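Some notes on the structure that comes next.
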Amino acid sequence: GTGRTMWGPAAIAPLQREAAAGTRAGPAIVSASPGIDSPPAQWPATQLVTDPAQVRGIVQAQKDAGWPYIKVYTRLSPASFDSVMAAARSVGVPAIGHVPLAVDIGHALDEGMKSIEHLTGYDRAVSRTGRGGTIGWVDADVSRFPALLGELLRRGYAEDDVRKVAGGNVLRVLRGAEAVAVRLQGE
């Protein structure tokens, strides 16, 4: 089997090597790098960026450390996010993670984020108030979701991949969130 972690602490590397060599029982481990974010740090080993000019060196160091993915996190400014995406492309390592709060989902998709965790950014795109997280989903306007899926198709995402984003429980959850929002607005 394979295990996936989205936050790469230094302790992961020896576990990866040992599992791959068969000297430790366990799955193959695929891990993103430690996150790149702006202060204040929310997680250990976060690579903090206060100036977009810092990004290229951080991304290169993460590539040199062997991380197969660069983890983007929540507080990056649009300029720092763009710098992360450009640096990741230049070193050939995909950027994945959270769409920063200051970045539009469409921009993140255009910049080439390969995996968007927890549907961050999508929540703000469908929220009536632009809020994220659980509140963004609770006040979601489900009529916005088809247009958002259409944007994925327009940007070249395969129909099967778009179905995966929309499929399963997402639409059911959005319908439920819509019902809760309507009920709360009536109270």
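All the letters of the sequence shown, read from the start, carry residue numbers 46 to 232 under the working numbering. All residues carry an ideal CB built from backbone N, CA and C; glycine is no exception. Note that the structure is a prediction, hence the values are computed from the model and not measured.
Open item on the list: How far does the alpha helix (DSSP H) with Ser128 in it extend, from its first residue to its last?
Closed with: 123 to 136
Open item on the list: Just to confirm the assignment: which complete alpha helix (DSSP H) runs, minimum length 4, are found wholly within the segment 168 to 206?
Closed with: 178 to 183, 190 to 199
- [ ] Consult DSSP for Gln105 and reduce its assignment to one of helix, strand or coil.
- [x] helix
Task: For Gln92, three-class secondary structure by DSSP - done: strand
Task: Contact under 8 Å by Cβ, Arg120 with Asp82 - done: yes
TODO: Taking all protein chains shown into account, decide if Lys209 is buried (16 or more other Cβ within 10 angstroms of its Cβ) or exposed.
DONE: exposed
Task: Cβ neighbours of Asp233 in the same chain (closer than 8 Å, five flanking residues each side left out) - done: Given that the chain is displayed from residue 46 to residue 232, the structure contains no residue 233 and the question cannot be resolved.
- [ ] Work out the CA separation of Met51 and Leu229 for me, nearest whole Å.
- [x] 35 Å
Open item on the list: Checking 8 Å against the spacing of the C-beta atoms, do Gly142 and Val117 come in under that value?
Closed with: yes
Task: Cα-Cα separation, Gln92 to Ile103 - done: 7 Å
Task: Burial state of Pro145 (16 or more Cβ within 10 Å) - done: buried
- [ ] Grab the span of the alpha helix (DSSP H) containing Arg62 for me, first residue to last.
- [x] 57 to 66
Open item on the list: At a cut-off of 7 Å, would you count Gly212 as near the ligand GDP, judging by its Cβ distance to the nearest heavy atom?
Closed with: Although the ligand GDP was asked about, the structure shown includes no ligands whatsoever.
Open item on the list: Tell me the DSSP secondary structure of Asp149 in three-state form.
Closed with: coil
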